[in-house]
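Residue numbers (this note's numbering): 9 to 797. Here the structure comes first, spelled out in structure tokens, and everything after it is commentary.
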Amino acid sequence: MHYKGLELDPFQEEAIHAIDRNHSVLVSAPTGAGKTVLAEYGIEKCMEMGRRVIYTAPIKALSNQKYRDFYQVYGDQVGIVTGDVVLNQFAPVLLMTTEIFRNTIFDDITRLDDVEYVIFDEIHYINDIERGTVWEESIIFAPQNIKFICLSATIPNINQFAEWMRSVREVEIDVIEELERPVPLEHHLYLEGYGIGDLETLQRIQESIIYDDSYHSADDNRHDTEPDRVDGEALHRLTNVDLIPYVQNQNQLPCLYFCFSRKVCEQNAAYYAKRTFLTPEQRKEILHLFDLLCTQFSIRDERNIQAFRHLVSKGVAYHHAGMLPTLKEVVERLFTSGLIQLLFTTETFAVGINMPACTVIFESLEKYDGINFRYLKAREYHQMSGRAGRRGIDPIGYVYARVFPKFAHVGSVQRITSGKIEPIESQFNLSYSSILNLYDNYGDAIYDVCTQSLNNFQNLERVRKTETQIQHTAATLNQLSKPTCIHDGVEAFDQIGGYNNLRNRITEQRKLLKIERRALKRKGGKRKRKKDLRQKFIRSERQLRQIETTKNKNLCHNCEQFKICNHSHRKIIQAENRIERLQDRKTLLESYQRKQITSRLKILKELGYIDGSGLLPRGKIASQIYGYEIQVTQLLFKGFFENLGEDEINVLAMAIVCEDRKDWGYYRKLEDKKIRRLLRTADREIESIRIYEEQYQVDPVTPKLVTKMSTAMLAWSQGCEFETLPQYVNLADGDFVRAFRLVIDLLRQVRRAAVGHNALLDKVDRCLDKINRDVVDAERQLRAGQDAL
């Protein structure tokens with residue numbers, strides 16, 4: 009079968025036939041296998057039917073890229089709605105983030121009456137701790153007339169996932185699974201100081217390493233090109249910087265080089281730009297394209313642009329979230345042109361963006377996840393490594409992972425590179441806004457509705473497995489016979505239990521005496537203190553003798569049957585304890601979701617958002633805000649937004665959305681005393697929410713206001729130039745833009761919730777005008793991107 013001049017793979021044909029039968033489909037295939045073709049087919053089918061189709065993506069960058077791609081094909085038939093951008097929102101083909109789709113379901117479900125299909129790209133994001141709930145809500149509460157095209161990287165538990173979807177949607181879901189990549193991958197380890205090898209080589213090197221300074225001193229005296237001998241095998245010794253020339257010499261460029269630090273991305277790019285990866289003709293072409301794109305996107309930062317232009321002239325670039333969004337888009341277009349040969353990037357580049365390369369290199373298999381350093385998950389590794397191998401260009405894709413043999417954990421490296429991908433696990437945890445919307449529609453039946461979640465579906469399976477374990481353990485326990493005492497009229501089981509308790513008490517008492525003896529032997533100290541310690545030690549010795557006397561009188565003491573009886577006793581206690589633990593687990597699995605919903609409902613009642621009849625005025629406002637809904641509503645009803653000026657509202661909104669971080673570095677404290685007072689007052693108001701949450705054990709709790717960006721926000725709201733912002737807080741350009749866009753998204757939601765309050769609406773509009781300008785204006789960037797097509 010052919011589509012758009014391409015010969016389809018069997019899994020693509022199978023999916024297309026299912027779409028032709030008007031079925032929903034769940035497609036799991038490796039990164040780069042060609043799942044986008046299915047989305048395009050679904051779009052064109054809907055357009056032929058005169059029906060609308062919605063394409064959802066997990067991140068705005070992917071939504072924007074898909075909008076550009078589809079706009080090239082379908083023109084004004086395409087629209088986009090994200091938190092930042094609204095363009096042609098009633099178009100037949102509508103791009104949006106999954107959050108926007110979920111919000112549409114709750115806000116006005118009738119707007120979806122003419123939608124035939126919803127395409128969920130990267131649906132394995134349902135596994136995401138922070139945002140996975142949105143996918144579950146979208147699947148559960150979408151109108152029944154809508155069918156789904158679900159596209160995902162490999163899902164090990166795809167049949168379980170599909171079975172859940174069938175139970176929720178009550179329709180047939182065709183499962184199409186492809187395990188083979190169209191371009192096979194070769195996976196290698198780059199063993200620092202040794203060269204290119206595999207897991208077996210890593211193990212042999214680790215066995216040969218002597219962990220002392222003599223190893224390093226001996227190693228330093230050897231010539232760089234001298235081969236090491238590991239179990240008789242010669243390994244060509246390469247240093248770290250030799251890997252890139254090796255890849256270049258093997259004709260394995262272009263290369264995506266994943267680093268888990270923005271700083272490392274930039275440092276690596278600067279280092280490798282000392283050499284060139286382009287011919288003179290390519291250099292001229294890429295500089296022309298770079299200058300043209302910078303003009304089209306109005307990128308003016310002369311100092312940074314000149315430094316970046318130098319990198320680009322060598323065929324090198326970097327890409328991370330700290331960059332201006334416009335500059336990131338320039339890099340993406342340069343990479344797509346095939347002129348960037350070496351791109352250093354963070355893992356966000358691996359999410360959906362269709363930018364394959366011949367080779368992928370990992371700077372490390374460990375990353376900092378915001379809490380500590382950990383090894384990558386197998387899913388993360390395969391998502392990134394899947395960018396290697398360009399279909400129709402490369403016969404093989406190459407993957408190299410840098411590993412330090414001395415410190416590597418072989419089991420973890422094996423799990424990541426050749427182990428099984430982790431199954432999808434539900435992260436269902438309803439927000440206040442979702443609970444308010446569900447309570448408004450279903451009342452106390454909210455509990456029954458939420459039993460449709462994937463979380464509940466998976467928990468029921470876990471409950472069944474736990475019940476089976478309880479039954480097996482109980483059967484084992486029934487087969488165990490209690491010991492029979494050789495002394496008449498004595499219950500052996502209780503006697504052994506008492507005897508073992510005495511033995512444990514003796515052990516603990518001896519530990520206590522040891523500590524007290526050390527305290528007595530210490531020199532110095534007050535005389536009274538020494539006297540007290542001595543008396544305490546004497547009492548402890550007396551207690552020990554009493555316990556030992558009681559133990560010696562026990563019938564089990566020196567009994568010839570004790571070992572046999574004690575073994576039986578221990579087996580019975582272990583079985584009973586296991587049953588108790590399993591019962592506790594079963595209770596937790598059955599009640600966790602219900603308890604979380606109940607706790608949030610109680611808080612909402614305490615705060616005056618709901619009563620027995622439905623939503624109260626606060627609840628109606630909060631139900632229309634998604635993210636920070638309780639903080640905003642509390643402050644709205646306290647008059648904060650009505651009584652403040654535009655700059656003050658913008659600073660307050662920034663404090664609400666600002667994410668705290670450990671590495672703020674320099675930031676200028678807010679000098680305006682009035683705004684400082686209002687932020688303290690606002691934080692006290694939000695503190696009242698946290699008190700209820702702690703009382704009812706809700707997780708996670710509502711965060712405090714974060715004021716580190718207040719001075720920068722005030723300056724931006726008052727019209728400062730973007731280039732001056734770093735004097736107020738030590739942040740990267742991209743972080744400023746992201747923070748301001750979060751404020752814009754929040755204020756737009758406040759505006760929607762405040763319909764009918766004209767004075768407030770006008771004020772919010774003025775707030776938005778002050779922020780949504782220059783490089784922060786996402787809509788302007790998207791339009792510039794259209795013009796640059």
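Here a beta-carbon is modelled for each residue, glycine too, at the ideal position from N, C-alpha and C. The structure presented is a predicted model; accordingly, all values stated were derived computationally and were not measured.
Under the rule that 16 or more other beta-carbon atoms within 10 Å means buried, what is residue i, buried or exposed?
i: residue 230; result: Below a pLDDT of 50, predicted positions are generally treated as unreliable, and residue 230, at 43, falls in that range; the measurement from the model is reported next regardless. So residue 230 counts as exposed.
i: residue 277; result: buried
i: residue 627; result: buried
i: residue 486; result: exposed
i: residue 735; result: exposed
i: residue 303; result: exposed
i: residue 9; result: exposed
i: residue 651; result: exposed
i: residue 73; result: buried
i: residue 305; result: buried
i: residue 84; result: exposed
i: residue 688; result: exposed
i: residue 160; result: buried
i: residue 590; result: buried
i: residue 215; result: exposed
Might you give, ordered along the chain, the residues of its own chain that have their beta carbon closer than 6 Å to the beta carbon of residue i, omitting 5 neighbours on each side?
i: residue 26; result: 33, 182
i: residue 720; result: 733, 736, 737
i: residue 45; result: 20
i: residue 158; result: 34, 128, 131
i: residue 750; result: 665
i: residue 228; result: Any reading at residue 228 needs caution, since the residue's pLDDT is 49, under 50, leaving its predicted position unreliable; the model's value is listed next. There are no such residues.
Return the first residue and the last residue of the beta strand (DSSP E) that residue i is part of.
i: residue 576; result: Segment 570-614 is the alpha helix (DSSP H) holding residue 576; no beta strand (DSSP E) there.
i: residue 195; result: 193-199
i: residue 64; result: 60-65
i: residue 183; result: 181-185
i: residue 203; result: 203-205
i: residue 105; result: 101-105
i: residue 124; result: 123-128
i: residue 382; result: 381-383
i: residue 34; result: 32-36
Looking at the unbroken alpha helix (DSSP H) that takes in residue i, where does it start and where does it end?
i: residue 166; result: 166-177
i: residue 392; result: 386-393
i: residue 680; result: Unbroken run through residue 680: none, as it is neither H nor E.
i: residue 718; result: 718-725
i: residue 823; result: A query on residue 823 cannot be resolved here, the shown segment of the chain reaching from 9 to 797 and no further.
i: residue 266; result: No alpha helix (DSSP H) contains residue 266, which is instead part of the beta strand (DSSP E) from 263-266.
i: residue 51; result: 44-57
i: residue 254; result: 251-257
Cβ atoms of residue j and residue i: under 9 Å apart, would you say?
i: residue 742; j: residue 328; result: yes
i: residue 217; j: residue 199; result: no
i: residue 447; j: residue 697; result: no
i: residue 654; j: residue 771; result: yes
i: residue 409; j: residue 197; result: yes
i: residue 762; j: residue 644; result: yes
i: residue 340; j: residue 789; result: no
i: residue 406; j: residue 193; result: yes
i: residue 399; j: residue 364; result: yes
i: residue 678; j: residue 722; result: yes
i: residue 432; j: residue 169; result: yes
i: residue 17; j: residue 42; result: yes
i: residue 137; j: residue 601; result: no
Leaving out five residues on either side along the sequence, give the residues of the same chain with a beta carbon under 7 Å from the beta carbon of residue i.
i: residue 185; result: 36, 166
i: residue 457; result: 446, 450
i: residue 701; result: 611, 709, 710
i: residue 476; result: none
i: residue 605; result: 438, 443, 454, 455, 458
i: residue 223; result: The predicted model places residue 223 with a pLDDT of 44, which falls under 50 and marks its position as unreliable; any figure quoted below should be read in that light. Taken in chain order, the residues that qualify are 217.
i: residue 544; result: 524
i: residue 693; result: 642, 643, 646
Is residue i near the ligand PLP, in the sense that its beta carbon is under 8 Å from a heavy atom of that ligand?
i: residue 742; result: In the structure shown, the ligand PLP is absent, as is every other ligand, since no ligand is present at all.
Report all residues from its chain with a CB closer than 8 Å to the CB of residue i; omit the five preceding and five following residues, and keep chain order.
i: residue 792; result: 304, 305, 306, 334
i: residue 428; result: 164, 386
Alpha helix (DSSP H) segments (min. 4 residues) lying fully within the region 401-478 | The region 401-478 contains these whole alpha helix (DSSP H) runs: 418-426, 440-450, 454-458.
Kindly provide the ranges of any beta strand (DSSP E) runs that are 3 or more residues long and lie completely inside the region 275-351, ordered along the chain.
-> Listed in chain order, the beta strand (DSSP E) elements of length 3 or more contained wholly in the region 275-351 are 324-327.
In chain order, which continuous runs of the alpha helix (DSSP H) of length 4 or greater are located wholly inside the region 764-797?
-> For the region 764-797, the continuous alpha helix (DSSP H) assignments of 4+ residues that do not extend past its boundaries occur at 766-779, 786-795, in sequence order.
Which runs of the alpha helix (DSSP H), 4 residues or longer, sit entirely within the region 625-662?
-> Counting only unbroken stretches of 4 or more residues, the alpha helix (DSSP H) elements lying wholly within the region 625-662 are 625-630, 637-645, 648-651, in sequence order.
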